Every structure is written in structure tokens, then in C-alpha cells.
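In full-length UniProt numbering, the protein residues as written are 1 to 476.
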């Protein structure tokens, strides 16, 4: 037996973005509006809002231009190559390919844009990983059909996915069907994940019905992808909610287990095992959730299990049935603050060891490969007088997490890659801010819409370059 003592050869180091937060060009070359295009900019004192179908005068919609990858793709991919990326996780804007979402034929101009991007990545030896749906459903599917609560979206999605699988056969091998599908267990997910714009639909029955339809679409897409190209590897993507018991009271310990089951493992089990777990059936029964599941659905789910699991991991929180505590923010969640952890300026608690815990937990449960496709630190970076961005806090955050990734590999976890979020500055999904910067590359764009969109490597850029070159050994 060969013992792995570090990151394996061929480990996929890289970065990740999403079209709705990064691409811009919202009305160019036939693209239709997506659900992201009617989200206003937010800030600490201004909640991000969904506005009526047409943008309003006097409002700022940061996703319309975002970081303008649409016109900077060649420059940005060149910077990714300088860092030494082995993989770039991107999403394709559904409404750039099918402007309304329900058309019979795709928009060729939209496909040509991604032809350029994918060919450029491959020319630099960067493996593209494509998320088919990442918080950017065509707006028409929300207004006309009510979003993913409507089973008709399964067929629209499969038509879209088929175009991608056929167009990029042999060029894209790694796919993700839906971004953070398990966010549908949270109110945050009703609009972002499922495009359900009616507030009356933001309840558990509607959200779990929407999740069921997406799980069906995912399973059918997995089968389709394998039929079109047997070399395709198709994964799921979970926003991993790591909630520790707030006390050692047995009720808290058991509640933490239940929290993980509901928020992580319902979607994960269906994706990987092809069946709803027993605890999900009990939860649905006891919470008055009666899903429209058709007789053929069980066979569909069983036949369309994924090849790997991917996750976003940023932070952890605590949960309790016995005590109240100060709440803290997180990725789509707000739970109890852990007194043993520090937090970012946005209240997300920094817990690198939690990543090792999570990776072991997932691998013990599923025994299939894992890729970390989002991990990073949102911070208000400043350009110093010397023209540089000294983001030592981001380097420290990433270093701590990479150390624990290596420990997980030594534990026996089959970890295939790490794509940090987001490799360039982009619009924050939760707040609509540019101020909350994640990138290793600074983009001159601000919350009021000003900025010349020029790119500038941060100190973390050069640090990550060394990490990749050394395959994770040089973390100094």
C-alpha cells in the first residue's frame, strides 16, 4: 500500500468565480436578464433587494458590469496562468445561452464567448470546471413559471445542459450541476438557488420541492453527460454547514447531528447514494412537507449519482437546543457564535481545523473524491501608498486552511483539488458589495460603480504562486 505523505501529483490548485458575480456584459450579444440582474447593491446599512422585473432608475445593480470578465477574459486568464493554476472553476450564464430559458435553440453568440474562454484556459494548461447553474437562472423562468417549484424547469435545464455537453465535448471534463443546492434548506436559497421570486414561496415545502426538481435534473444530467462523453466527471456542490454543539449537553450534541443531516446530508445523500435518507422522510412528515414525487423519480435518482463531491467551506458556527447565544453570520446562515474562534469583518468565524473535520466527515460518509471549490476570506482591501495590496490576513487564512487540507489527505481523504474563492475581486452574492473583496487579484471597481476595472496582483497572488509551484509544500 502506497502511503500519501502530501498533496498528490496532479492536484488541482486553482481559483473559482461565478458568471453572475464576475462576468458583466449583462445585455451584450443577445444575453437575457437573469435573476441576479434585478438585485440591488447592498452595504452594511442597506439590505440587498430584489426589485421589479425591469431595473429601476436611481438604483445600482452591481451584477450588470461586475468585474467585467466579459471584456477582460484574456487578461484575467493570463493572470491565472501566471499564478500557475491547474484548474479554474467557472459558471456559464444560462441566460447567455438561452436568453429566456425556454427557447428551442441556443444563442450562438453566447456560446462563442465561452468557446474563447475555454480554449484560452486550455491553451495555458488550465482545466476548466464548469458549473452549469450558479445562482443565475434566466429571469423569465421565474416570472413565467415560478422558478424551480415548477417541474417544467427540469426539461429546460436538460436542453441547456445538453448544448453544453455537446459543444464542449473533449474540452470540459469536470462539471457541477448546481451550485450550493443545499442552500434550499435556508430562506436564502428560495431566490438565489431556485429563482422563486414570490415571497409566498419562501417556505420549506416549496424549497424542498424545488430541491427535488433540481436533484432530478442533476441525476438526468449526470446520465446525459456520461452518454455524450464517458470521460466526463460530474459532481454535486454543497455549501457545507458545519454546526458544532454549543454545549456538551446530549440535546445539543444530537441537535448538531440533526442540523448536519438536514442541511448537508439530504441533498448529499440523494446526489451520491441516489435515495432520500430515512431521517429526511421523518423530517418531511413531522414538518408537514409533502413532496410531489412521481413513481419514476426513484429510478432517475438512483441511476444518476455523481462522480465526486465538491464543497464551499468558509466558516463554522454553533447550534443549540438548550441555550441561547450571540448570533454570528455565515454563508447563508446565522447561528450561535463560537467563543473560541475569531471572525472576519463580516462576522464569518475562521475555523481552519473545521475544514479537516468536514473533509473527514464527508469522505467517511460517501467514500468518493472531494474537491474544495470555494474557500476564501472577504475583506476590505486597501491599495497602499506603494501601490501594493498587502493582504497578509488573506494569506494567513488560506495558509491555515491548506495546512488542514494536507492533514485531511494524511487522514486518507481522497482530495482532488482546491479552487479558492474568488481568484479575482467580484460582487459578493450575499451583500452585493465590491468592498467585501475575496480576490488574489484586485479589481478597481467600487460599491458606487466607479473604478477603471484595472487589475493588480495582491501579495496573496505571489504567495499562492509559490504554493502551487511547490504543490502545497511552500506555505511561507
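Just so you know, even glycine gets a beta-carbon here, dropped at the ideal spot from N, CA and C. Quick caveat, the model's predicted, so the values are computed rather than measured.
Each of 176, 260, 220 was checked against the Cα of residue 373, and the nearest Cα belongs to 176. Straight through space, the alpha carbons of residue 212 and residue 293 are spaced by roughly 8 Å. Non-local beta-carbon contacts of residue 321 in its own chain, meaning distances under 7 Å to residues more than five positions away in sequence, involve 251, 252, 255 in chain order. Beta-bridge partners assigned by DSSP to residue 161: none are found. Beta-bridge partners of residue 312 (DSSP): 239, 374.
Between the C-alpha atoms of residue 307 and residue 235 there is a straight-line separation of about 5 Å. Taking all protein chains shown into account, residue 60 has fewer than 16 neighbouring C-beta atoms within 10 Å of its C-beta and is therefore exposed. Taking a C-beta distance under 8 Å as the contact criterion, residue 318 and residue 243 qualify as a contact pair. Taken atom to atom, the span from the alpha-carbon of residue 196 to that of residue 386 is near 47 Å. Ranked by how close their Cα comes to the Cα of residue 282, the residues 164, 258, 126 have 258 in first place.
Per DSSP, residue 456 lies in no alpha helix (DSSP H); the unbroken beta strand (DSSP E) holding it starts and ends at 455-457. DSSP places residue 247 in the coil class of the three-state scheme, outside both helix and strand. The beta carbon of residue 266 is closer than 6 Å to those of 280 in its chain, skipping five residues each way along the sequence.
Residue 238 places its beta carbon less than 8 Å from that of residue 180.
When C-alpha distances from residue 223 are compared across 131, 270, 302, the shortest belongs to 302. At a Cβ-Cβ threshold of 8 Å, residue 97 and residue 107 count as neighbours. When DSSP states are grouped into helix, strand and coil, residue 339 belongs to the coil group. Counting C-beta pairs with one atom in each stretch, the region 61-74 and the region 392-405 have fewer than three that are closer than 8 Å, which means they do not touch. Spatial neighbours of residue 448 in its own chain (CB-CB distance under 8 Å, excluding positions within 5 residues in sequence) are listed in chain order as 60. DSSP, read as helix, strand or coil, puts residue 327 in strand. Look at residue 98 here: in three-state DSSP terms it is coil, with no helix or strand label.
Where residue 83 is concerned, the enclosing alpha helix (DSSP H) starts and stops at 69-83. Straight-line measurement puts the Cα of residue 456 at about 28 Å from the Cα of residue 10.
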